[in-house]
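In what follows, a single structure is set out as structure tokens and then discussed.
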Amino acid sequence: MKKHIAWLLACLLVSPFQIILAEDGSRLWLRQDNGTQTEIVVPKTSPTLNLAAGELRRAWQGNPVTLVLKADKRMKKEAFTLRQTDGKVIITSPSEVGLLYGTYHILRLQATRSLSEITEVPVTCSPSYDLRLLNHWDNLDRSVERGYAGKSLWEWDELPLHVSDRYAEYARANASIGINGTVLNNVNASAQILSPEYLEKVKVLADIFRPYGIRVFLSVNFASPMQLGGLSTADPADKQVAGWWKRKVNEIYRLIPDFGGFLVKANSEGQPGPQDYGRTHADGANMLADALKPHKGVVMWRSFVYSPDSDDRAKQAYKEFVPFDGQFRSNVIIQIKNGPVDFQPREPFTPLFGAMPHTAQMVEFQITQEYLGFANHVAFLSPMWKECLESDTYCRGANSTIARVTDGSVYPQSVTAIAGVSNIGTDANWCGHPLAQANWYAFGRLAWNHELSSEAIAREWVCQTYGTDPHLQALDTLLLASREAVVDYMMPLGLHHIFSFSGHYGPGPWQTMPGGRPDWQPPYYHRADSIGIGFDRTTAGSDAVSQYNEPLASQYNDLRTCPESLLLWFHHVPWTYRMKSGRTLWDELCLHYDTGVKQARRFQTLWDSLQSYVDAERYELVKQKLIIQTRDAVWWKDACLLYFQTFSRQRIPLDVERPIHELEPLMQLRFRIGNHENAPLILN
Ligand code: BDP
């Protein structure tokens, strides 16, 4: 009878060709478990090497494997070398964690059917950055700022006594893609995280993560000496303040000897900082750096600053930070968002990159999709990140790409790093949308090797997460087209920040906040009027173009040479302007919105074609998410076109699908977003 039920169940999930068991996505890309018990030789037992051996036993099906620890001054500590000799796979590394990375690498090669890459000729894999970090915007009450995948993983109330299984699973997933550090708490930081009570909890997490090569970092509130220490000031020039930080840092290192350091959001969006006392970013960062230096800790000081007085928010970081070049300690890294405004679907790169030759710089990407449809839309972000990393800053002539500026190739840095704002939460599938796991994966892979192509990363992820059936290449196609589709149906041609206030999800280009800060209101960014649309950042406008090096400054400044994908970022362009296609700007805008909608529909068709190759549970969830995405794409297109039409007074071209909504009701839409803005979105 039992057998019968099992058979029936299997039938329910059966495809014409194979039985595929339902999966909830919790195993991520780590789904291989048919190890054939070949010989595995490890140099010794240790927590890290036991993990490596365990992974091989669980999943390795190839030739015997030997792990060799070998000091090699020419190799980075975490690097590893692979080769094949006498029918054996040999992984060599100067460190245990390097051997763990090598282990995950050969398992990845196995899953992607690429084992032929291991030959008698040794190949060394070496990380692009020293610190490859996730930034969690997790609050101590377990809400996650801009998190769309459930609650924070960190069960602060239960720690340090109760330890969730997910901590080790999290660490394992990160180690498998080379992530070696995690900032546990929100950049809008509670001082409480530095209290003895919380540090005990942090220590437990650090102990769990250590064998996986992952170090813990914390976001700190600059006013902690007041809020926690009871001092009357947090002025970095005050001896008592500096002393408080020194003692606090020493206390942390007593508990967590390999603690990584601090991430700081200061004088940004109302957070306290050194400017509150007439001091500079350098004064603030250096005080913390001095406390951390004896322990080899770093300070990641964020450059995400903007002010209500600025005529152009996009210029602020450059203006505030460039004057302090050379004044930061060597263990300070300036953490810079990829774009100068804020994680928009498309921005040019932040011109601060490469503009501080004597200061270490790192990129901050956002893995969580605050501005790209939350966990409802598929948007594979590797192409966006590559676009940034491959951008040439020309800071030291051609080939001064952001990748090369931040990995220390253009100007020396004593430490290099890259960060991604995590999209992870307590949802069974970790990231809310089954396909959003690909972004966590892609971030780690690019942090390890920024030269990997998005195509290669997508292929790796699909093979490991869904399988190697050739039909599944349709999923690569979908992923690789997905970010551009979001740009098209939300804000094409350089439009940006035209979201509704409620949670940065839906369209709100019309929204104004009487008496509110202009730079928090969409019309500040699109500037639509009867003549045209776009933000004039040319020399005749806000002059943001001049923050870029030549030839970019001239290229962006000239309407004819500015890339059309960034046109309305840099120019206010007449509705009737002739684009390269010969169409008017208005017609082209309509076409982009329409293309975005068509792409969303195409994703549905592509996904439908995969029904037989994907398990039922993940299939259904993605299918439902794609229905939402398509609905939202139409909503975005209709809202933006109907609203901008009130300025352009032009007809929507005949080959563009007619709006199915009317503008007025769309403008009246309000969102019920649960008790806080991360709850599921419901239109009413
Ligand atoms: C913005 C987010 C806000 C963050 C801020 C930051 O809307 O929640 O606190 O960035 O990066 O994108 O500090």
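Take any residue in the sequence shown, count from 1 to its spot, add 282: that is its number in my numbering.
Even glycine gets a Cβ: it sits at the ideal position worked out from N, Cα and C.
Asked                                                                                                                                                                                 : Found
Within 10 angstroms of the Cβ of L303, are there 16 or more other Cβ atoms? Answer buried if so, exposed if not.                                                                      : exposed
Would V323 be called buried (16 or more neighbouring beta carbons within 10 Å of its own) or exposed?                                                                                 : exposed
So, P409 versus W730, is the Cβ gap smaller than 7 Å?                                                                                                                                 : yes
With H, G and I counted as helix, E and B as strand and the rest as coil, what does DSSP make of M666?                                                                                : helix
Quick one, which of I739, T683 and V660 has its alpha-carbon nearest H715's?                                                                                                          : V660
Ordered along the chain, which non-local residues of its own chain (more than five positions away) have a Cβ less than 6 Å from that of A680?                                         : none
According to DSSP, which residues form a beta bridge with C407?                                                                                                                       : F362
So what does DSSP say about E870, is it helix, strand or coil?                                                                                                                        : helix
For a minimum of 3 consecutive residues, which ranges assigned as the beta strand (DSSP E) are wholly contained in the stretch 337 to 388?                                            : 347 to 351, 362 to 367 and 370 to 375
Please work out which residues of its chain come closer than 6 Å, Cβ to Cβ, to Q950, disregarding the five sequence neighbours upstream and downstream, and give them in chain order. : none
Using a 10 Å radius around the Cβ and a threshold of 16 neighbouring Cβ atoms, would you call Q598 buried or exposed?                                                                 : buried
Answer yes if the stretch 343 to 354 comes into contact with the stretch 378 to 396, meaning at least three C-beta pairs across the two stretches below 8 Å, and no otherwise.        : yes
DSSP three-state call for F926: helix, strand or coil?                                                                                                                                : helix
Just how far apart, CA to CA, sit C293 and H753?                                                                                                                                      : Since pLDDT at C293 reaches only 41, below the 50 mark, its modelled position is unreliable, and no value is offered.
Pick out whichever of K359, N711 and Q474 has its Cα sitting closest to the Cα of G432.                                                                                               : N711
For P833 and Y676, I'd like the C-alpha separation in whole angstroms.                                                                                                                : 8 Å
State buried or exposed for G543, treating a residue as buried only when at least 16 other CB atoms are found within 10 Å of its CB.                                                  : buried
Cβ atoms of L867 and Y859: under 7 Å apart, would you say?                                                                                                                            : yes
For H444, tell me which candidate among E482, K668 and A335 has the shortest Cα-Cα distance.                                                                                          : E482
Helix, strand or coil for E602 per DSSP?                                                                                                                                              : helix
How many angstroms separate the CA atom of W311 from the CA atom of G655?                                                                                                             : 23 Å
Would you mind listing the alpha helix (DSSP H) stretches within the stretch 685 to 754 that are 4+ residues and don't spill past its ends, in chain order?                           : 719 to 730 and 736 to 747
In whole angstroms, what separates the C-alpha of Q886 from that of S736?                                                                                                             : 21 Å
Whose C-beta lies closer than 7 Å to the C-beta of G566 among residues of the same chain, with five residues either side of it excluded?                                              : F504, P518, A548, G555 and P556
Taking the alpha carbon of T928 as the point to measure from, which residue in T843, D811, P845 and L948 has its own alpha carbon closest?                                            : D811
Could you say if the stretch 350 to 367 and the stretch 395 to 409 meet the contact criterion of at least three C-beta pairs nearer than 8 Å?                                         : yes
Please tell me whether D770 and T912 are closer than 7 Å, where the distance is taken between their beta carbons.                                                                     : no
Thinking just about the alpha-carbon of each residue, which of N417, F852 and F491 is nearest to the one in I706?                                                                     : N417
How many whole angstroms separate the CB atoms of L333 and P493, which I take to be in contact at a CB cut-off of 8 Å?                                                                : 6 Å
If you draw a straight line from the alpha carbon of H778 to that of G816, how long is it in whole angstroms?                                                                         : 9 Å
Are the beta-carbon atoms belonging to G726 and G460 less than 7 Å from one another?                                                                                                  : yes
E946 to L924, Cα distance in whole Å?                                                                                                                                                 : 9 Å
Using only CA atoms, which one of P442, V623, D594 and S764 lies nearest to L888?                                                                                                     : S764
Please report the distance separating the alpha-carbon of A822 from that of T683.                                                                                                     : 28 Å
What is the residue span of the beta strand (DSSP E) that G509 lies within?                                                                                                           : Here residue 509 is Gln; the residue named in the question, Gly, does not match the sequence. Segment S506 to Q509 is the alpha helix (DSSP H) holding Q509; no beta strand (DSSP E) there.
Cα separation between Y600 and K575?                                                                                                                                                  : 26 Å
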